[in-house]
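When the sequence shown is numbered by full-length UniProt numbering, its final residue is 117 and no position is left out of the sequence of numbers.
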Amino acid sequence: MAITNQILDEHNSKVVVQDFIGALNAEDFELARAQLTDDMTFKGVLGERHGADVYIDDMKKMKFKYDIKKTFVDGNDVCLWYNINMGEKEIFSCGWYKLENEKIRSFQVIFDPRPIL
């Protein structure tokens, strides 16, 4: 039974993160916001955001687009390798998403920032 629950948790975690990325790509910020806990945290190479509304407000301005290359899931952790189109530049990046109660509680994105500096 524990293996079945783990498989279900991993499937749900993967779906939540993919729905989040898909919503950002479609600029459906309401759907993207629904995938986040209210007090979520984001850590990136160039800064941090605390709170889902603050993060989504930034995404509305930036309108990044994500092209997922690979997804790894371990329980409630999801790791994505993706290209992020930042307008004039596309950056190969890695995002580590941590979920709690089927919502994204925190995530961290790393990449080489030199092309955008």
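C-beta atoms are modelled at their ideal positions from N, C-alpha and C, and glycine is treated no differently.
Write down the C-beta distance between residue 100 and residue 41 rounded to the nearest angstrom, noting that I regard them as a contact closer than 8 Å. Cβ atoms of residue 100 and residue 41 stay farther apart than 8 Å, at about 12 Å.
With 16 other Cβ atoms within 10 Å as the buried cut-off, status of residue 26: When all chains shown are included, residue 26 counts as exposed.
Going by C-alpha distance, which of 68, 117, 75 is nearest residue 88? The candidate whose alpha carbon is nearest that of residue 88 is 117.
Considering only the alpha carbon of each residue, which of 70, 75, 105 lies closest to residue 5? When only C-alpha atoms are compared, the closest one is 75.
According to DSSP, residue 73 sits in a beta bridge with which residue or residues? Answer is 78, bridged to residue 73.
Just mark residue 95 as buried or exposed, buried being the case when its beta carbon has 16 or more other beta carbons within 10 Å. The residue is buried, with at least 16 neighbouring Cβ atoms inside 10 Å.
Would residue 78 and residue 14 qualify as a contact pair, given that the criterion is a beta-carbon distance under 8 Å? Yes. Within cutoff.
Tell me which same chain residues have a C-beta within less than 7 Å of the C-beta of residue 34, skipping the five on either side of it? The beta carbon of residue 34 lies closer than 7 Å to none in the same chain, with the five residues before and after it left out.
Provide the residue(s) that pair with residue 93 in DSSP beta bridges, ordered along the chain. Paired residue(s): 82.
In chain order, which continuous runs of the beta strand (DSSP E) of length 3 or greater are located wholly inside the region 6-72? As far as the region 6-72 is concerned, its whole beta strand (DSSP E) runs of at least 3 residues are 36-44, 47-50.
Residues near residue 20 by beta carbon distance below 7 Å, same chain, minus five either side: 32, 35, 104, listed in sequence order.
Of the residues 8, 28, 45, which one's Cα is nearest the Cα of residue 111? For the residues 8, 28, 45, the minimum Cα distance to residue 111 belongs to 45.
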